[in-house]
Amino acid sequence: MNRTAIVLMLMAPSAARAETFGADVGFVRAHTAVVVLGSGPAQVAVAPAWQGRVLTSTAGGEGGASYGWLNRALIARNKPEPHITPYGGEDRFWLGPEGGQFSIYFKKGDPFDFEHWQTPAPLDTEAWTVGAKDATSVTLSRPIKLTSYAGTTFELRAERKVRLLGADAVRESCGQAPAEALHFVAYQSENRIVNTGKAPWTRAGGLLSIWILGMFNPSPVTTVVVPAAPGAVVNDVYFGKVPKERLVKKGNTFFFRGDGGERGKIGLRPQHAKATLGSYDAANKVLTVVWFNKPRDKRPYVNSLWPPQKDPYGGDVVNSYNDGSPAPGVKQLGPFYELETSSPAAELAPGAALDHVHRTMHFQGDRPALEAMARACLGVGLGEIEGAFPQ
């Protein structure tokens with residue numbers, strides 16, 4: 079068997095990742111329009127009616143593995159849900175902050191609990207308008223009006239362009255291009271918010287941020303990898319403290335279970351985070367890397383912890399969420415896990431804009447080549463990732 083055949087065999091979906099890219103796209107197209115970027119092995123599927131989110135991607139064409147998590151049961155019902163309509167998708171547009179005194183997910187005076195948490199409709203159930211479109215990119219936009227917990231009203235236009243990328247983008251993100259022994263898909267969302275109102279956005283009244291979240295298929299041996307600066311401290315109390323058997327730090331790297339088996343979330347502040355994070359699914363041999371345009375200078379970041387915060391601009395720039403039941407006896411949304419990045423807080427005058435680029439890359443194939451890619455992108459090898467937790 080030649081190397082290409084071996085790589086394609088490795089890329090075939092396993093029992094833990096049963097659907098192919100073609101099957102996922104065909105299923106979603108029965109319920110909403112889908113724009114597919116690319117025509118070769120690397121393809122990306124975008125749903126304009128679902129806020130222009132990237133549903134899923136593949137490095138193996140229609141018969142290849144589908145990397146994004148999709149909520150098939152919810153999609154089939156084709157009916158909005160209370161609180162959030164979690165269609166899934168590996169790059170969706172949100173705005174922060176989620177919690178705190180400037181939250182846009184809670185109404186003024188409401189308690190900060192799940193029953194009162196509500197995703198704003200433009201980020202959840204309302205369609206975005208398609209602008210330019212070609213074989214490898216699509217642009218989308220949406221006017222948005224929101225009122226925060228503090229009573230501040232925001233008028234804005236959200237814009238995004240999803241674009242299929244090549245090896246040069248991988249080299250830019252990780253310092254080296256993928257070897258020929260690897261199949262890969264790389265794409266990015268270029269996101270912008272514009273203050274279309276008449277008043278400036280100020281820290282006193284609360285600020286917004288661009289927040290991109292990717293939902294991926296878990297396996298029992300998926301590990302999230304978050305490189306960090308020396309001395310970094312992780313925020314692990316979003317939904318109760320993450321148990322030590324699910325989060326470890328080795329050297330300057332945090333390892334977090336992405337098995338979709340227990341609810342938890344971690345985050346790093348900008349002074350502690352790098353411009354990349356990722357995961358390795360040891361069952362399906364999939365290396366996933368996220369890169370974003372992390373500013374070099376010091377900026378404020380919104381704080382999305384649910385109760386009011388002493389420091390509303392001391393928030394995280396990267397996050398990872400692992401899905402699980404939110405309470406005893408309550409069914410979980412997934413299972414899935416997330417890799418997330420955020421822009422700085424948008425202190426914008428009328429007509430001013432803020433941009434945030436979020437790039438996603440998936441690699442499969444020859445193990446030595448995957449090893450080299452993991453070290454280049456995340457600073458650790460596959461053995462270190464696989465050995466982070468006892469199996």
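To get the numbering used here, take the position in the sequence shown, counting from 1, and add 78.
Here a beta-carbon is modelled for each residue, glycine too, at the ideal position from N, C-alpha and C.
Alpha-carbon spacing of Thr366 relative to Met439, whole angstroms: Thr366 and Met439: Cα-Cα distance of roughly 6 Å.
Inter-residue spacing [alpha-carbon to alpha-carbon] between Arg335 and Ala264: Rounded to the nearest angstrom, the gap between the Cα atoms of Arg335 and Ala264 is 24 Å.
Cβ pair count under 8 Å reaching 3, the segment 186–204 against the segment 128–139: Segments in contact, yes.
Ala137 at chain B interface by Cβ criterion, 8 Å: No chain B is part of this structure, which consists of one protein chain only.
Residue nearest to Asp212 in terms of C-alpha spacing, selected from Gly459, Leu460 and Gly116: From the listed residues Gly459, Leu460 and Gly116, the smallest Cα separation to Asp212 is found for Gly116.
Contact under 8 Å by Cβ, Tyr415 with Ser398: For Tyr415 and Ser398, yes; Cβs fall inside 8 Å.
Cβ shell of Trp195 (< 7 Å), same chain only, five flanking positions each side left out: The residues are His161, Tyr183 and Phe184.
Beta-carbon gap between Gly178 and Pro422 smaller than 8 Å: No, they are not a contact pair.
DSSP state of Trp147 mapped onto helix, strand, coil: If DSSP states are grouped into helix, strand and coil, Trp147 belongs with coil.
Same chain, Cβ closer than 7 Å to Val208, five either side skipped, listed in chain order: For Val208, where only same-chain residues beyond five positions count, the Cβ hits under 7 Å are Pro126, Val216 and Leu218.
Phe370 vs Thr301 beta-carbon contact at 8 Å: With a cutoff of 8 Å on beta-carbon distance, Phe370 and Thr301 are scored as not near each other.
Cutoff 7 Å; reference Ser92; Cβ partners in own chain excluding five residues on either side: Per-residue confidence for Ser92 stands at a pLDDT of 45, beneath the threshold of 50, marking its modelled position as unreliable; no derived number is given.
CB-CB length for Leu460 against Arg445, believed under 8 Å: With 8 Å as the limit, Leu460 and Arg445 qualify as a contact, their Cβ atoms being about 7 Å apart.
Member of Thr331, Leu426, Glu464 and Arg170 whose CA lies at the smallest distance from the CA of Leu286: Selected option, being the one with the closest Cα: Leu426.
Beta-carbon gap between Asn381 and Tyr391 smaller than 8 Å: With contacts defined as CB atoms closer than 8 Å, Asn381 and Tyr391 qualify as a contacting pair.
Start and end residues, alpha helix (DSSP H) containing Arg107: Phe99 to Arg107 is the span of the alpha helix (DSSP H), which, as asked, contains Arg107.
Selection from Ala111, Gly146 and His109 that minimises the alpha carbon distance to Thr98: Looking at Ala111, Gly146 and His109, the one whose alpha-carbon comes closest to that of Thr98 is Gly146.
Start-to-end residues for the beta strand (DSSP E) that takes in Ser403: Ser403 -> no beta strand (DSSP E), and no H or E assigned at all.
Distance between Pro256 and Gln121 (C-alpha atoms, nearest Å): The alpha-carbon of Gln121 is positioned some 17 Å away from that of Pro256.
Residue range of the unbroken beta strand (DSSP E) whose run includes Leu355: Start and end: Thr354 to Asp359.
Local Cβ density within 10 Å of Glu464, reported as buried at 16 or more and exposed below that: By the Cβ-count criterion, Glu464 is exposed, with fewer than 16 other Cβ atoms from all chains shown falling within 10 Å of its own Cβ.
Residue burial classification, Arg437 (beta-carbon count within 10 angstroms, cutoff 16): Arg437 should be labelled buried.
Between the CA atoms of Leu148 and Leu37 - distance to the nearest angstrom: Because the chain spans 79 through 469 in this model, residue 37 falls outside it and cannot be assessed.
Alpha-carbon to alpha-carbon, Lys409 and Val299: Separation of Val299 and Lys409 (C-alpha to C-alpha, rounded to the nearest whole angstrom) is 22 Å.
Ser287, DSSP secondary structure in three states: It is a strand residue.
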